[in-house]
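Q: This structure is in structure tokens; I'll ask about it shortly.
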Amino acid sequence: MALKESGEMYLETIYILSQDKGNVRSIDISREMGYSKPSVSRAIRVLKKEGYITINENSLINLTEAGREIASNIYERHNVLSDFLMELGVDKDTAIEDACRVEHYISDTTFQAIKNRNQNK
69 MALKESGEMY LETIYILSQD KGNVRSIDIS REMGYSKPSV SRAIRVLKKE GYITINENSL
129 INLTEAGREI ASNIYERHNV LSDFLMELGV DKDTAIEDAC RVEHYISDTT FQAIKNRNQN
189 K
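This is the structure in structure tokens:
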């Protein structure tokens, strides 16, 4: 089943929080994303059911291999696109915001072209 943009955003947030904090709980996701606890709980149930995350007995959330792959790809897209937009002269806040929107929709071909362009500088 294809993951929707919101699911990708949750996985990316879990990925970033796990890099920063190690342990991730639903409340951390709620605070980071600015979403209500019930909304986060619903999303977490779906992500768990689809096999993108696990939740241990201490309510700590971990990405599965499939979840980590998606999250790291989205996070890479976000960083590459933000940098690319800033190189074009877009201010940092706008570049980050726009990259967050574009990262979910840009084709692999276009993303690779942008990534390769940035690496060849």
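Quick note: the sequence shown uses this note's numbering, first residue 69, plus one each step. C-beta atoms are modelled at their ideal positions from N, C-alpha and C, and glycine is treated no differently.
Suppose you measure from the CA of D166 to the CA of D151; what does that come to, to the nearest Å?
A: Distance between the alpha carbons of D166 and D151 is about 11 Å.
Q: Pick from E100, Y83, S127: whose alpha carbon is nearest that of A134?
A: Nearest of E100, Y83, S127 to A134, Cα basis: Y83.
Q: The beta strand (DSSP E) with T122 in it runs from where to where?
A: Start and end: 121 to 123.
Q: By a C-beta neighbour count over all protein chains shown, 10 Å radius and 16 as the cutoff for buried, is Y120 buried or exposed?
A: Answer is buried; the Cβ neighbour count reaches 16.
Q: In whole angstroms, give me the CA-to-CA distance for E171 and H146.
A: When rounded, the distance between both Cα atoms is 6 Å.
Q: So, V158 versus N186, is the Cβ gap smaller than 9 Å?
A: No, the Cβ-Cβ distance between V158 and N186 is not below 9 Å.
Q: Helix or strand or just coil, what does DSSP make of M69?
A: Because the pLDDT at M69 is just 48, under 50, the model does not fix this residue reliably, and the value given afterwards should be weighed accordingly. M69 falls in the coil class under three-state DSSP.
Q: Quick check: L153 and E118, are their CB atoms within less than 9 Å of each other?
A: No; because the gap between Cβ atoms is not below 9 Å, this pair is not in contact.
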